[in-house]
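Engineer: Handing you this structure, nothing more for now.
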Amino acid sequence: MAKGHTHHQRPPSPQIAAAMSTPKQYWIYHERQDALLCGQHALNNLLQANEFSPASLAEIASQLDQMELAYMSQNNEGGINSKDYLKRVAEGSGNVDESGNFSIEVLRSALLARHSLELPNIRQKGILDKREITEIEGFICNRSSHWFAIRKINGRFWNLNSTNERPELISHFKLAAEMEALQNQGYSVFCVVDSLPPPCTNEAMMDQGLYWWKESDLLQGKSNAMTRSDDPWKDVGSGRRLDGKPKNNGGHRALHELSEEEQLQAAIQASIMDCSSDNDARPSSLDRFQQEIVSMDIGDEPASGGARVQIRLPDGKRLIRKFSGEDPVKVIYAFVAQSSEEAKGGRSFGLKAKFPPQDLYPLIESSISSCGLSGEAINVSWT
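Here our numbering is used: the first residue of the sequence shown is 241, the next is one more, and so on.
Here you go:
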């Protein structure tokens, strides 16, 4: 019989041994609130990626508005001339307001379209009958115009409120009590019962978004996301910026330190600045255009069909007018100019529609229907 041989397994190299003993590192994406777009931030924080922009959510909101109006026109007695339809048009978008606050239907549609995930209310029958609350991976909480996400990452729950400086840990023991307290405060809590996209476990995955936190740093109570001496983002202070630029607050307060009213004013001011920059870029022929529209023949409203738009003047007055879909956008400018004493006197103005606000001046020769302005709310601002 052959003599047996004893095989000795070679021990792993020090590098491999170190890698085997090193636990997987997790990174937490925490999008901060720069305006009143917390619905967008809540979605991205829930998904742990910079997936949705204001423009992409606004497009979903517009699609939902058109679907709702189409349904009303087909099912209400009187169609587009019914009282309910006209009221809905006069109210403007039902899925996004002027400050960028999106409806729950927009968030639900976004999750369903991109990830086939549903977002039911946690109080919906059957949600907690079949599972413990700690088995749910993610939540979105809403009260009034504020949204924020709570997400399970590496077995721990994190409050990812975009107005907070950093993610905040919620223990399993306190999760149910936290949800109950939020609902008692008037919050609606929605949840994702299916599996969410996996969280980030290496720096190579951090290809988008501004703020990333190392989980181990947060658990140790460190105030910075990155602590390595060679970290190019070490001056950020409240997270890692992937654009390579240090965050510089100067003498300004952080957004989470402002009241809701102050935040709204900040958003309005940003909008005003945006309008100003757009108007500065307009051609010098604007004066001639202004003179043209004051005396332009806008014709009568079409007896049937047509494109109905709502126009909001700077003083808050609202006008509703029906145009032919083939009319150029210039006709809307003419209608506004001839409906305002200030415009008749030569004061120039601008028109913006949709969200994000789109300047209509470059579209003055395009038809109203081709620009998708039927059913839209058009805002007038003095320039």
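Ideal placement from N, C-alpha and C gives every residue a C-beta, glycine not left out.
With residue 420 as the anchor, note down where its alpha helix (DSSP H) starts and where it stops.
Structural biologist: 412-424
Engineer: Pairs of beta-carbons, one from the segment 354-361 and one from the segment 431-445, closer than 8 Å: are there three or more?
Structural biologist: yes
Engineer: Quick one: Cα of residue 542 to Cα of residue 571, how far?
Structural biologist: Roughly 13 Å between the two C-alpha positions.
Engineer: Please determine, among 423, 271, 283 and 349, the residue with the shortest C-alpha to C-alpha distance to residue 300.
Structural biologist: 349
Engineer: What span of residues does the beta strand (DSSP E) with residue 386 cover, start to end?
Structural biologist: 386-393
Engineer: Going by DSSP, which residues form a beta bridge with residue 598?
Structural biologist: 593
Engineer: Take the Cβ of residue 490 as the centre, count every other Cβ of all protein chains shown within 10 Å, and call the residue buried at 16 or more, exposed below.
Structural biologist: Note on residue 490: pLDDT 41, under 50, position unreliable in the model; the coordinate value appears next. The residue is exposed, with fewer than 16 neighbouring Cβ atoms inside 10 Å.
Engineer: Cβ of residue 554 within 9 Å of Cβ of residue 589?
Structural biologist: A Cβ-Cβ contact shorter than 9 Å links residue 554 with residue 589.
Engineer: On the criterion of 16 or more Cβ atoms from any shown chain inside 10 Å, does residue 377 qualify as buried, or is it exposed?
Structural biologist: buried
Engineer: Could you give the C-beta distance for residue 591 and residue 618, rounded to a whole number, given that I count them as a contact under 8 Å?
Structural biologist: Confirmed, about 5 Å.
Engineer: With a cut-off of 8 Å on the beta carbons, I'd call residue 600 and residue 569 a contact; round off their distance for me.
Structural biologist: 5 Å
Engineer: Using the rule of at least 16 other Cβ atoms within 10 Å of the residue's Cβ for burial, across every protein chain shown, is residue 508 buried or exposed?
Structural biologist: The predicted position of residue 508 is uncertain, since its pLDDT is 43 and thus under 50; no value can be drawn from it.
Engineer: Out of 451, 557, 413 and 380, which one is the CA nearest neighbour of residue 290?
Structural biologist: 451
Engineer: Looking only at its own chain, which residues have a Cβ that is under 6 Å from the Cβ of residue 410, when we skip the five neighbours before and after it?
Structural biologist: 397, 399 and 418
Engineer: From what residue to what residue does the beta strand (DSSP E) around residue 378 run?
Structural biologist: Looking at the DSSP string, the run of the beta strand (DSSP E) that includes residue 378 is 378-383.
Engineer: Are there 16 or more other CB atoms within 10 angstroms of the CB of residue 240, so buried, or fewer, so exposed?
Structural biologist: The question about residue 240 has no answer, for the chain in this structure spans 241 to 623.
Engineer: Pull up the distance between the alpha-carbon of residue 515 and that of residue 394, whole angstroms please.
Structural biologist: Residue confidence is low: residue 515 scores 39 on pLDDT, short of 50, so the model does not pin down where it sits. Its coordinate-derived value is still stated next. Linking residue 515 to residue 394 through their CA atoms gives a straight-line distance of about 44 Å.
Engineer: Here's the rule: buried if 16 or more other CB atoms are within 10 angstroms of the residue's CB, otherwise exposed. What is residue 461?
Structural biologist: exposed
Engineer: Please tell me whether residue 567 and residue 607 are closer than 9 Å, where the distance is taken between their beta carbons.
Structural biologist: yes
Engineer: In the DSSP assignment, what are the bridge partners of residue 269?
Structural biologist: In the DSSP output, where bridge partners are listed per residue, residue 269 has 452.
Engineer: Could you check which residue in 402, 412 and 594 has the C-alpha nearest to that of residue 273?
Structural biologist: 402
Engineer: Please report how far the alpha carbon of residue 282 lies from the alpha carbon of residue 446, in whole angstroms.
Structural biologist: 18 Å
Engineer: Among 457, 563, 373 and 309, which residue has its Cα nearest to the Cα of residue 392?
Structural biologist: 373
Engineer: Reducing DSSP to helix, strand and coil, say where residue 550 ends up.
Structural biologist: strand
Engineer: Does the distance from the CB of residue 287 to the CB of residue 347 come in under 9 Å?
Structural biologist: no
Engineer: Locate the alpha helix (DSSP H) running through residue 351, then write down its first and last residues.
Structural biologist: 344-355
Engineer: If contacts are defined as beta-carbon pairs under 8 Å, then residue 305 and residue 284 qualify, I think. What distance do you get, rounded to the angstrom?
Structural biologist: Actually they do not touch by this definition, with Cβ atoms about 23 Å apart.
Engineer: My output table needs one value for residue 436: the three-state DSSP class, helix, strand or coil.
Structural biologist: coil
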